[in-house]
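Step one of this worksheet: look at the structure below.
Number of protein chains: 2
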Amino acid sequence: MENNGTLYGLGVGPGDPELVTVKAANLLGRVGRVFAPKARIKAESVALKIIERYVGQQAQVTELVFPMVADQEELERKWDESAAVIAECLKSGQDACFITLGDPLLYSTYIYLLRALRKIMPQAQVVTVPGITAISSVAALTSFPIGEGREQVTIVPAADDLAQVRRAVEQGGTVALMKIGKRLGPVLDLLERLGAIDDAVFVSNSGMENQRVETDLRKLKGETEEAGYLSTILLHCNGRKP
Amino acid sequence: MENNGTLYGLGVGPGDPELVTVKAANLLGRVGRVFAPKARIKAESVALKIIERYVGQQAQVTELVFPMVADQEELERKWDESAAVIAECLKSGQDACFITLGDPLLYSTYIYLLRALRKIMPQAQVVTVPGITAISSVAALTSFPIGEGREQVTIVPAADDLAQVRRAVEQGGTVALMKIGKRLGPVLDLLERLGAIDDAVFVSNSGMENQRVETDLRKLKGETEEAGYLSTILLHCNGRKP
Chain A
-11 MENNGTLYGL
-1 GVGPGDPELV
9 TVKAANLLGR
19 VGRVFAPKAR
29 IKAESVALKI
39 IERYVGQQAQ
49 VTELVFPMVA
59 DQEELERKWD
69 ESAAVIAECL
79 KSGQDACFIT
89 LGDPLLYSTY
99 IYLLRALRKI
109 MPQAQVVTVP
119 GITAISSVAA
129 LTSFPIGEGR
139 EQVTIVPAAD
149 DLAQVRRAVE
159 QGGTVALMKI
169 GKRLGPVLDL
179 LERLGAIDDA
189 VFVSNSGMEN
199 QRVETDLRKL
209 KGETEEAGYL
219 STILLHCNGR
229 KP
Chain B
-11 MENNGTLYGL
-1 GVGPGDPELV
9 TVKAANLLGR
19 VGRVFAPKAR
29 IKAESVALKI
39 IERYVGQQAQ
49 VTELVFPMVA
59 DQEELERKWD
69 ESAAVIAECL
79 KSGQDACFIT
89 LGDPLLYSTY
99 IYLLRALRKI
109 MPQAQVVTVP
119 GITAISSVAA
129 LTSFPIGEGR
139 EQVTIVPAAD
149 DLAQVRRAVE
159 QGGTVALMKI
169 GKRLGPVLDL
179 LERLGAIDDA
189 VFVSNSGMEN
199 QRVETDLRKL
209 KGETEEAGYL
219 STILLHCNGR
229 KP
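Rendered as C-alpha cells:
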C-alpha cells in the first residue's frame, strides 16, 4: 500500500489557463500520468486544453469518456471503468492527476469517479485541489458581486426545473444559474415575469475563445442558438426591497 | 486617461500560497504597487502573508486598514480613504494589485472598495481576478461534495441570523455557513435540533498554520474557544428524503 501512487483531483478552473492554481500547475509538471475527461470519443477534452501547457514532457495523458447521458446505469458503468483504469495506475506506484473543469467538488464528474474509486480501492490516497468556479469567473468578468452583507447566495445547477429557479429567485439574495444550455429561452421568460431580469449578467464559455459576456439579458431573448452547456447567469433578486 | 494605471483586484484564495492562481502570481510579480487589507493597524495582513512570495522586488506594498466594525459611516469613510489612495496611484500611471482573501466578489471588502473607487474615478480601469473560495477549499480538504445532481447549494454568509440558517437547511441540498466565529455554539445546537449535524464538516483557517479540520461536528460542542472568523461549515441537508 505504501508504494501506491497518489491521485490528485485537480480543478482547472473555468477556461483561462492562467486561472489554474499554482498547486495544480506544479502537480501537472511533476506526475507521470494525467487523466482527462471528455464527453465524446471524437471530442476534445475541454479541461485538457486548459492545462496542456503545464503538463510535463514525461507524462502520459489518457482521455476518459464520460458521455452526457441521463441513463444512470450507463453512467455508473463509465465511472467504474474509469476508476479501474486509475486504480491500476495508482497500484503500479505512479502518481496521477485527474483534471476537471471548474471546481472538482461542485457539480463535477469527479465526485462520482471518487466514489467508484473508493469502492474498488478503499485505501487509495487522494488529494483534491480546489479550482476557480464558473460563478467566480463570471462575477469577475462582469464586476458583479456574488454575495454581500448578510444576503444568501443560491446556486441552481441546472435550469431544467423552472420551479426550482423560481423558488431560488423568490428567496432573494443572489442566484447563480449554471449549465443553462437549451433552457435559456424559458429561463429568460421566467426571470422577466418575476421582475428579475434587469440586475443580471450572462456569460458563456468563460475564458475560452468563444467567450460571450452579456450584461443586458434582454438582448439574449429570441436567440435561436442554444446558450451552450458552459453558460451561467448571475442575478440579484432584491426586487421586493424598497 | 490613457496613461492611467490599471487596478487588478486579486482573489488570493483561502490561505495556502499554492492556491493562488497563475494569473494572480504573475501580476504580483509585475506591478509596482500592492495594496493589502488588514483588520487592525497592529495586525498582520492575512492576505499579504499568503502572496508575499509572489511580490516582485520592485513593488511597494501598502497596507490599508479596514476595521471589522458594524458602524456603516466609519466603514464608508475607510473605503473612501482607501479608494483615494488607490486612485492617486492609478492616476500616477502605475498599475496596482489589491489583494483579497478567497474570491474578490464573494462577501469581500473589495466590492465596497470598488464602488468607492468608481465614485471618485469612474474611468478607472479595473480587472478582477477570481480566487479559490473557502467553500471549495473546505470541500477539497474533507472530500465533501459541495453540489451534485440537481440539488441546490445555499451559501449563508454569517451565522448571526439563526432563522436564515434554519430556512437554508430546510430547503435541502447543500448549505455552506461562512464566517461562523462566535456563533459556533448556537449554530451547532440548531443543526442538532434540525437533524442536520451528522452529514457535515467544519474547517477553520484553511491552508494556514492553525488549520483545523473536523468531520464530526459533535466534537466541537461545548468548546469554549470561539471558532474564529475564517471558519466554514458545509452540510448536506437531505434528512427528509427516504
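For the protein sequence lines, the chains are A and B, in the order given.
Per our numbering, residue -11 is the first one in the first sequence, and the count goes up by one each step.
Per our numbering, residue -11 is the first one in the second sequence, and the count goes up by one each step.
Heads up, the beta-carbon is just placed ideally off N, CA and C, and yes, glycines get one too.
Cβ pair residue i, residue j closer than 8 Å
i, j, result
"Trp67 of chain B", "Tyr100 of chain B", "yes"
"Leu150 of chain B", "Leu178 of chain B", "yes"
"Thr121 of chain B", "Gly(-3) of chain B", "no"
"Lys38 of chain B", "Gly(-7) of chain B", "The amino acid occupying residue 38 of chain B in the given sequence is Ile; Lys does not appear at that position. Not closer than 8 Å, so no."
"Leu190 of chain B", "Ile143 of chain B", "A small fix is needed here, since residue 190 of chain B is Phe in this sequence, not Leu. No, the pair does not count as a contact, with Cβ atoms beyond the cut-off."
"Gln82 of chain B", "Gly20 of chain B", "yes"
"Val8 of chain B", "Val10 of chain A", "yes"
"Ser124 of chain A", "Pro5 of chain B", "no"
"Leu52 of chain B", "Pro25 of chain B", "yes"
"Tyr176 of chain B", "Leu218 of chain B", "The question names Tyr, but residue 176 of chain B in the sequence shown is Leu. Contact flag unset, no."
"Leu94 of chain B", "Gly135 of chain A", "yes"
"Cys77 of chain A", "Leu16 of chain A", "no"
"Ala112 of chain A", "Ala75 of chain A", "yes"
"Gln152 of chain A", "Gln140 of chain B", "yes"
"Met56 of chain B", "Ala27 of chain B", "yes"
"Gly137 of chain B", "Gly169 of chain B", "no"
Cβ neighbour criterion (16 or more within 10 Å) applied to residue i
i, result
"Arg171 of chain A", "buried"
"Pro145 of chain B", "buried"
"Gln45 of chain B", "exposed"
"Met166 of chain A", "buried"
"Gln48 of chain A", "exposed"
"Pro265 of chain B", "Residue 265 of chain B lies beyond the range of chain B shown here (-11 to 230); nothing can be said about it."
"Val73 of chain A", "exposed"
"Gly3 of chain A", "buried"
"Gly90 of chain B", "buried"
Secondary structure of residue i, DSSP reduced to three states
i, result
"Gln60 of chain B", "helix"
"Ser192 of chain B", "strand"
"Thr121 of chain A", "coil"
"Cys225 of chain A", "coil"
"Pro25 of chain A", "strand"
"Ser234 of chain A", "It is not possible to answer for residue 234 of chain A, since the shown part of chain A is limited to -11 through 230."
"Arg138 of chain A", "coil"
"Ala104 of chain B", "helix"
"Val49 of chain A", "strand"
"Thr88 of chain A", "strand"
"Ala156 of chain B", "helix"
"Thr203 of chain A", "coil"
"Ile74 of chain A", "helix"
"Tyr(-4) of chain B", "strand"
"Gly231 of chain A", "This structure cannot speak to residue 231 of chain A, because chain A is shown only from -11 to 230."
"Ile99 of chain A", "helix"
"Leu182 of chain B", "coil"
"Leu36 of chain A", "helix"
"Ala128 of chain B", "helix"
"Leu93 of chain A", "coil"
"Gly81 of chain B", "coil"
"Val163 of chain B", "strand"
"Val19 of chain A", "coil"
"Val175 of chain A", "helix"
Cβ-based neighbour list, residue i, same chain, cut-off 6 Å, excluding 5 preceding and 5 following
i, result
"Thr246 of chain A", "Lying before the first or after the last residue shown, residue 246 of chain A is absent from chain A, which here runs from -11 to 230."
"Thr97 of chain B", "Pro25 and Phe54"
"Val157 of chain A", "Val163, Leu182, Ala184 and Cys225"
"Gln199 of chain A", "Asn193"
"Ala127 of chain A", "Ile134"
"Leu36 of chain A", "Ala24"
"Phe132 of chain B", "Val189 and Leu222"
"Asp50 of chain B", "Correcting the residue type first, residue 50 of chain B is Thr in the shown sequence and not Asp. Closer than 6 Å at Cβ, skipping near neighbours: Phe23."
"Gly210 of chain A", "none"
"Arg206 of chain B", "none"
Cutoff 8 Å; reference residue i; Cβ partners in own chain excluding five residues on either side
i, result
"Thr130 of chain B", "Val189, Val191, Val201, Thr203 and Leu222"
"Pro174 of chain B", "Ala147 and Leu150"
"Arg228 of chain B", "Below a pLDDT of 50, predicted positions are generally treated as unreliable, and Arg228 of chain B, at 42, falls in that range; no measurement from the model is reported."
"Arg154 of chain A", "Leu178 and Leu182"
"Glu32 of chain B", "Lys26"
Contact set for residue i: own chain, Cβ-Cβ below 7 Å, skip 5 residues either direction
i, result
"Ala71 of chain B", "Leu101, Ala104, Leu105 and Ile108"
"Asn(-9) of chain A", "Gly81"
"Ile29 of chain A", "Val53"
"Gly195 of chain A", "Pro2, Gly3, Asp4, Leu7 and Ser125"
Proximity test, residue i beta-carbon vs the ligand HEM heavy atom, cut-off 7 Å
i, result
"Gly210 of chain A", "With respect to small molecules bound, the structure shown includes none, and the ligand HEM cannot be examined in it."
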